[in-house]
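Engineer:
Residue numbers (the numbering used here): 3 to 92.
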């Protein structure tokens, strides 16, 4: 069975909601943006599971509210290359 890394993560932490919360908190975003970021991650994970992730989904994930926070601008081109190599883009 092919493992994409997303399916095994939610059961490991106990729940899908906790997985989303931990993912959002790993970005160290202000609390006000945490829920929005979790929703973007949730949508992206669903698209990956359905085999429908595309360049727009990757871009939305990298430019989600609160992800900038003093970090360098996201390299969408690099992320798309990695996503393509990983086989998660439709």
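The beta carbon of each residue, even a glycine, is placed where N, CA and C say it ideally should be.
Please list the terminal residues of the continuous alpha helix (DSSP H) segment that includes residue 28.
Structural biologist: As a first step, residue 28 is located in the chain shown; it is residue number 26 there, counting from the start. 18-28 is the span of the alpha helix (DSSP H), which, as asked, contains residue 28.
Engineer: Please report the distance separating the alpha-carbon of residue 24 from that of residue 66.
Structural biologist: Start at 1 with the first residue of the chain shown, and residue 24 comes out as number 22. Start at 1 with the first residue of the chain shown, and residue 66 comes out as number 64. Their Cα atoms are separated by approximately 16 Å.
Engineer: Just how far apart, CA to CA, sit residue 49 and residue 33?
Structural biologist: Along the chain shown, one-based indexing puts residue 49 at 47. Along the chain shown, one-based indexing puts residue 33 at 31. Cα-Cα distance, rounded: 25 Å.
Engineer: Taking residue 89 as the reference, give the member of 76, 77 and 57 with the closest Cα.
Structural biologist: Translated into positions along the chain shown, residue 89 becomes position 87. The shortest Cα separation from residue 89 among 76, 77 and 57 belongs to 57.
Engineer: Ordered along the chain, which non-local residues of its own chain (more than five positions away) have a Cβ less than 8 Å from that of residue 15?
Structural biologist: Position 13 of the chain shown, counted from the first residue, corresponds to residue 15. Caution applies to residue 15, whose pLDDT of 47 falls short of 50 and renders its modelled position unreliable; the value that the coordinates give is listed next. The residues are 21 and 24.
Engineer: What residue does the alpha helix (DSSP H) around residue 90 start on, and which one ends it?
Structural biologist: In the chain shown, the residue the question calls residue 90 occupies position 88. First-last for residue 90: undefined, no H or E at that position.
Engineer: For residue 47, count neighbouring C-beta atoms within 10 Å of its own C-beta (all shown protein chains included) and say buried if the count is 16 or more, exposed if not.
Structural biologist: The count along the chain shown starts at 1 and reaches residue 47 at position 45. By the neighbour-count rule (16 or more Cβ atoms within 10 Å), residue 47 is buried.
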